[in-house]
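These notes are about the structure you will find just below.
Number of protein chains: 2
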Amino acid sequence: MSDVITLAHGAGGKQTAELIDRVFKAHFSNPQFTGDDAAVLPIGGANLAFTTDGFIVSPPEFPGGNIGKLSICGTVNDLSCMGAKPLYLSCAFVIEEGFPLAKVEEYAAAMAKTAAEAGVRIVAGDTKVAGKGQVDHLFITTTGIGQIVDGVHTSGTLARPGDAVIVSGDVGRHGCTILLARNQFGIDADVTSDCAPLWGTVEAMLDTTKDIHVIRDATRGGVGTVLYEIAGQSHVGIHLDSQAIPVDPAVRGVCGMLGLEPLYLACEGRLVIFAPKAVADDIVATLRQGKYSKDAAIIGEVTADQPGRVIMRTEIGAETLLPPPGGELLPRIC
Amino acid sequence: MSDVITLAHGAGGKQTAELIDRVFKAHFSNPQFTGDDAAVLPIGGANLAFTTDGFIVSPPEFPGGNIGKLSICGTVNDLSCMGAKPLYLSCAFVIEEGFPLAKVEEYAAAMAKTAAEAGVRIVAGDTKVAGKGQVDHLFITTTGIGQIVDGVHTSGTLARPGDAVIVSGDVGRHGCTILLARNQFGIDADVTSDCAPLWGTVEAMLDTTKDIHVIRDATRGGVGTVLYEIAGQSHVGIHLDSQAIPVDPAVRGVCGMLGLEPLYLACEGRLVIFAPKAVADDIVATLRQGKYSKDAAIIGEVTADQPGRVIMRTEIGAETLLPPPGGELLPRIC
Numbered sequence: 001m002s003d004v005i006t007l008a009h010g011a012g013g014k015q016t017a018e019l020i021d022r023v024f025k026a027h028f029s030n031p032q033f034t035g036d037d038a039a040v041l042p043i044g045g046a047n048l049a050f051t052t053d054g055f056i057v058s059p060p061e062f063p064g065g066n067i068g069k070l071s072i073c074g075t076v077n078d079l080s081c082m083g084a085k086p087l088y089l090s091c092a093f094v095i096e097e098g099f100p101l102a103k104v105e106e107y108a109a110a111m112a113k114t115a116a117e118a119g120v121r122i123v124a125g126d127t128k129v130a131g132k133g134q135v136d137h138l139f140i141t142t143t144g145i146g147q148i149v150d151g152v153h154t155s156g157t158l159a160r161p162g163d164a165v166i167v168s169g170d171v172g173r174h175g176c177t178i179l180l181a182r183n184q185f186g187i188d189a190d191v192t193s194d195c196a197p198l199w200g201t202v203e204a205m206l207d208t209t210k211d212i213h214v215i216r217d218a219t220r221g222g223v224g225t226v227l228y229e230i231a232g233q234s235h236v237g238i239h240l241d242s243q244a245i246p247v248d249p250a251v252r253g254v255c256g257m258l259g260l261e262p263l264y265l266a267c268e269g270r271l272v273i274f275a276p277k278a279v280a281d282d283i284v285a286t287l288r289q290g291k292y293s294k295d296a297a298i299i300g301e302v303t304a305d306q307p308g309r310v311i312m313r314t315e316i317g318a319e320t321l322l323p324p325p326g327g328e329l330l331p332r333i334c
Numbered sequence: 001m002s003d004v005i006t007l008a009h010g011a012g013g014k015q016t017a018e019l020i021d022r023v024f025k026a027h028f029s030n031p032q033f034t035g036d037d038a039a040v041l042p043i044g045g046a047n048l049a050f051t052t053d054g055f056i057v058s059p060p061e062f063p064g065g066n067i068g069k070l071s072i073c074g075t076v077n078d079l080s081c082m083g084a085k086p087l088y089l090s091c092a093f094v095i096e097e098g099f100p101l102a103k104v105e106e107y108a109a110a111m112a113k114t115a116a117e118a119g120v121r122i123v124a125g126d127t128k129v130a131g132k133g134q135v136d137h138l139f140i141t142t143t144g145i146g147q148i149v150d151g152v153h154t155s156g157t158l159a160r161p162g163d164a165v166i167v168s169g170d171v172g173r174h175g176c177t178i179l180l181a182r183n184q185f186g187i188d189a190d191v192t193s194d195c196a197p198l199w200g201t202v203e204a205m206l207d208t209t210k211d212i213h214v215i216r217d218a219t220r221g222g223v224g225t226v227l228y229e230i231a232g233q234s235h236v237g238i239h240l241d242s243q244a245i246p247v248d249p250a251v252r253g254v255c256g257m258l259g260l261e262p263l264y265l266a267c268e269g270r271l272v273i274f275a276p277k278a279v280a281d282d283i284v285a286t287l288r289q290g291k292y293s294k295d296a297a298i299i300g301e302v303t304a305d306q307p308g309r310v311i312m313r314t315e316i317g318a319e320t321l322l323p324p325p326g327g328e329l330l331p332r333i334c
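Quick note, the sequences are listed as chains P and U, same order. Under UniProt numbering, the first residue of the first sequence carries the number 1, and numbering increases by one thereafter. Under UniProt numbering, the first residue of the second sequence carries the number 1, and numbering increases by one thereafter.
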């Protein structure tokens, strides 16, 4: 492990996991310390989910959203993945001296609108200003409390052989959007971020069935990283049908030009769901009625063989290992 | 109001209040949105306190602590001020590329030690890495959940004429420490930050009496800013006896040289308490037995006259207005 912090430590892949294990888990160890999207806290007779996320996206505005909307979606979605109805959020801003006040207001308005859609209240906040050059525009950290729906128990450790693997829509759009917004490659394509608050999506699934083993939102590192995490945490193999994975044609085009794998591009409005095959078609049917999950699809299945690995069946029927995540995944989206 | 963010917007004084009112309160308005140190949330039969704070101190290490210890103390103390036993914390890191891993580990160790002392568990976290020059060393945002002790109700709106004003120890030490640590003035003095987790201090007070109207920790803007806030929120006057305010001689010396008012220097381990005079002596006696509050003192009283103002009685018996907070308070400590 490097003796200084590298961009890879923040990319959500192998080095991030090493940093968490070596530094944070080592010091903060306790029964509630979480390897999932949120900690589960038994308080006052309720089971609460509790999660925090820092947002440092550059540029702070992109087709389909801005850092304000993103900061609410990220935390709402982490709570939703625990089967928790989002109740309350806090937000802490670090803003660069000289940043336009009108932009702060624009992001705050986006936060309020997104929070209202998710049915969550922003109840506490903090504002710090850093000197010019001490922060890149602004950072927002949101932290959320949600109440876990009775009878729901989801975790990255609960995938089982025989589960179907479902995605709630086309993959990689947010990462592709940010990459294009940075104008580093001179590519012009019509791609919009999938950034969306997903409590309504999860609630509709849970109304259909509570027999769901894992729900994860595929943010940093994309669907590929999430699948490897779950394969590891649950000690199972995951077999994907590459033809079944929904990818927007423009995203596929950009990825083709740049040699990127859409499964490793970030999403900000997509869920990966593991559930028994018997209920998978019902879940997909429900998802396809939702405004943020019209392109939901079963993309693979869980096996007892090949534990810890993600195998892709290609269009010509060959099986290959999905390259495991590691190092800095392109593009860094946060 | 300026149309760009200025350092004053983050200094904890008048401009910070304007920013919160104009931008955040305007958009995030709801019954739980808080003007106190933490929001009060009724969840599952319990009354929870919920608070967030971002820490961007420069330098990240100083006599008496580092940014890790500070980030736990700040949130533990905000919960404590609501009469809430701190239960759970989350922490979100933004770290600069190239920052030494050993330093991250040192701060994490300080966080774990301080959390253990306060009896709080760190249960959720997030790590982002920003490119070199996009963040000043590292920022830590901590968010906490605490359970409000039955029968306790504290708020900045609850100060009443006849209340005594108590401070739990000498004022201005953290701000003075940071100012000296920056080496901008060529002054060498033996000052250590008062940075400390204060749940034990508050718990001892509440065991003595629950008849306490306001508890605030005097961080950004110091005791002076807190007093003006409370005078405004409670529509009361506050009369201080300048002779009774405990100030460390070294801090007084530095302030004398630089023309600073110790009441406007930040503390990170000091409480301002408003309680009826009848219980004030008992509270001070309890505080003086605590490890972080040996120099507790009654420094003034609340009056119905002069609402919104803080009046100082000087050593020669004259009464003067404590200059209201405004603009960037020196030194910026966060």
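Where is the CB? At the ideal position from N, CA and C, for every residue including glycine.
Along the chain, where does the beta strand (DSSP E) containing residue i start, and where does it finish?
| i | result |
| --- | --- |
| residue 276 (chain U) | 271 to 276 |
| residue 312 (chain P) | 310 to 313 |
| residue 258 (chain U) | From DSSP, residue 258 (chain U) is part of no beta strand (DSSP E) but of the alpha helix (DSSP H) over 249 to 258. |
| residue 91 (chain U) | 84 to 96 |
| residue 239 (chain P) | 237 to 241 |
| residue 217 (chain U) | 214 to 217 |
| residue 163 (chain P) | 163 to 167 |
Candidates the options: which alpha carbon is nearest residue i's?
| i | options | result |
| --- | --- | --- |
| residue 91 (chain P) | P:139, P:14, P:119, P:238 | P:139 |
| residue 228 (chain P) | P:268, P:245, P:272 | P:272 |
| residue 288 (chain P) | P:30, P:76, P:167 | P:167 |
| residue 291 (chain U) | U:199, U:125, U:46 | U:199 |
| residue 301 (chain U) | U:274, U:322, U:315 | U:274 |
| residue 323 (chain P) | P:196, P:299, P:143, P:260 | P:260 |
| residue 111 (chain U) | U:19, U:18, U:55, U:129 | U:55 |
| residue 240 (chain P) | P:114, P:320, P:179 | P:320 |
| residue 82 (chain U) | U:266, U:133, U:36, U:127 | U:36 |
| residue 181 (chain P) | P:58, P:6, P:87, P:250 | P:58 |
| residue 295 (chain U) | U:177, U:201, U:146, U:73 | U:201 |
| residue 262 (chain U) | U:153, U:176, U:72 | U:176 |
| residue 211 (chain U) | U:9, U:163, U:255 | U:163 |
| residue 186 (chain U) | U:155, U:217, U:254 | U:254 |
| residue 100 (chain U) | P:19, P:97, P:105 | P:19 |
| residue 134 (chain P) | P:269, P:209, P:207, P:97 | P:97 |
| residue 61 (chain P) | P:193, P:117, P:147, P:22 | P:193 |
| residue 234 (chain U) | U:305, U:67, U:318 | U:305 |
| residue 104 (chain P) | P:72, P:68, P:34 | P:68 |
| residue 47 (chain U) | U:154, U:21, U:109 | U:154 |
| residue 3 (chain U) | U:22, U:123, U:11 | U:22 |
| residue 24 (chain U) | P:11, P:124, P:24 | P:124 |
Over the uninterrupted alpha helix (DSSP H) stretch that includes residue i, give me the two end residues.
| i | result |
| --- | --- |
| residue 226 (chain P) | 222 to 234 |
| residue 178 (chain U) | 173 to 181 |
| residue 203 (chain U) | 199 to 208 |
| residue 321 (chain P) | Looking at the DSSP string, residue 321 (chain P) is not in any alpha helix (DSSP H); the run it does join, the beta strand (DSSP E), is 319 to 321. |
| residue 17 (chain P) | 14 to 19 |
Starting from the C-beta of residue i, find all residues in its chain whose C-beta is less than 7 Å away, skip the five residues before and the five after it, and write them out in chain order.
| i | result |
| --- | --- |
| residue 315 (chain U) | 242, 243 |
| residue 17 (chain U) | none |
Excluding the 5 residues flanking residue i on each side, which residues of the same chain have their C-beta closer than 8 Å to its C-beta?
| i | result |
| --- | --- |
| residue 231 (chain P) | 159, 237, 238, 307, 308, 309, 310 |
| residue 121 (chain U) | 87, 88, 89, 115 |
For residue i, which residues from the same chain have a beta carbon less than 6 Å from its beta carbon, with the 5 sequence-adjacent residues on both sides left out?
| i | result |
| --- | --- |
| residue 74 (chain P) | 53 |
| residue 44 (chain U) | none |
Are there any heavy atoms of the ligand GDP lying less than 7 Å away from the beta-carbon of residue i, as far as the coordinates show?
| i | result |
| --- | --- |
| residue 22 (chain P) | With respect to the ligand GDP, the structure offers nothing, as it holds no ligand at all. |
Task: Interface positions of the segment 289 to 310 of chain P facing chain U (Cβ-Cβ less than 7 Å), listed along the chain - done: none
Task: Entirely enclosed alpha helix (DSSP H) segments - the UniProt domain "PurM-like N-terminal" (35 to 147) of chain U, minimum 4 residues - done: 67 to 81, 101 to 118
- [ ] Quick one: which residues of the UniProt domain "PurM-like C-terminal" (160 to 311) of chain U get their C-beta closer than 7 Å to a C-beta of chain P? List them in chain order.
- [x] none
TODO: Could you name the residues of the segment 137 to 152 of chain P whose beta carbon sits closer than 8 Å to any beta carbon of chain U, in the order they occur along the chain?
DONE: 139, 141, 143, 145, 147
Task: Residues from the segment 124 to 137 of chain U in contact with chain P, defined by Cβ distance under 8 Å - done: 124, 125, 126, 127, 128, 129, 130, 131, 133, 134, 135, 136
TODO: Using a Cβ-Cβ cut-off of less than 8 Å, list which residues of the segment 89 to 106 of chain U approach chain P; keep chain order.
DONE: 90, 91, 92, 93, 94, 95, 96, 97, 98, 99, 100, 101, 102, 104, 105
Open item on the list: Under 7 Å, CB to CB, which of the residues in the segment 28 to 46 of chain U have a partner in chain P?
Closed with: 28, 30, 32, 33, 34, 38, 39, 41, 43, 44, 45, 46
Task: Length-filtered (3 minimum) beta strand (DSSP E) runs lying within the segment 284 to 310 of chain U - done: You should have 297 to 303.
TODO: Could you list the residues in the segment 49 to 79 of chain U with a C-beta less than 7 Å from some C-beta on chain P, going in chain order?
DONE: 50, 51, 52, 53, 54, 56
TODO: Anything in the segment 4 to 17 of chain U with a Cβ closer than 7 Å to a Cβ of chain P? List those residues in chain order, please.
DONE: 4, 5, 6, 7, 9, 10, 16
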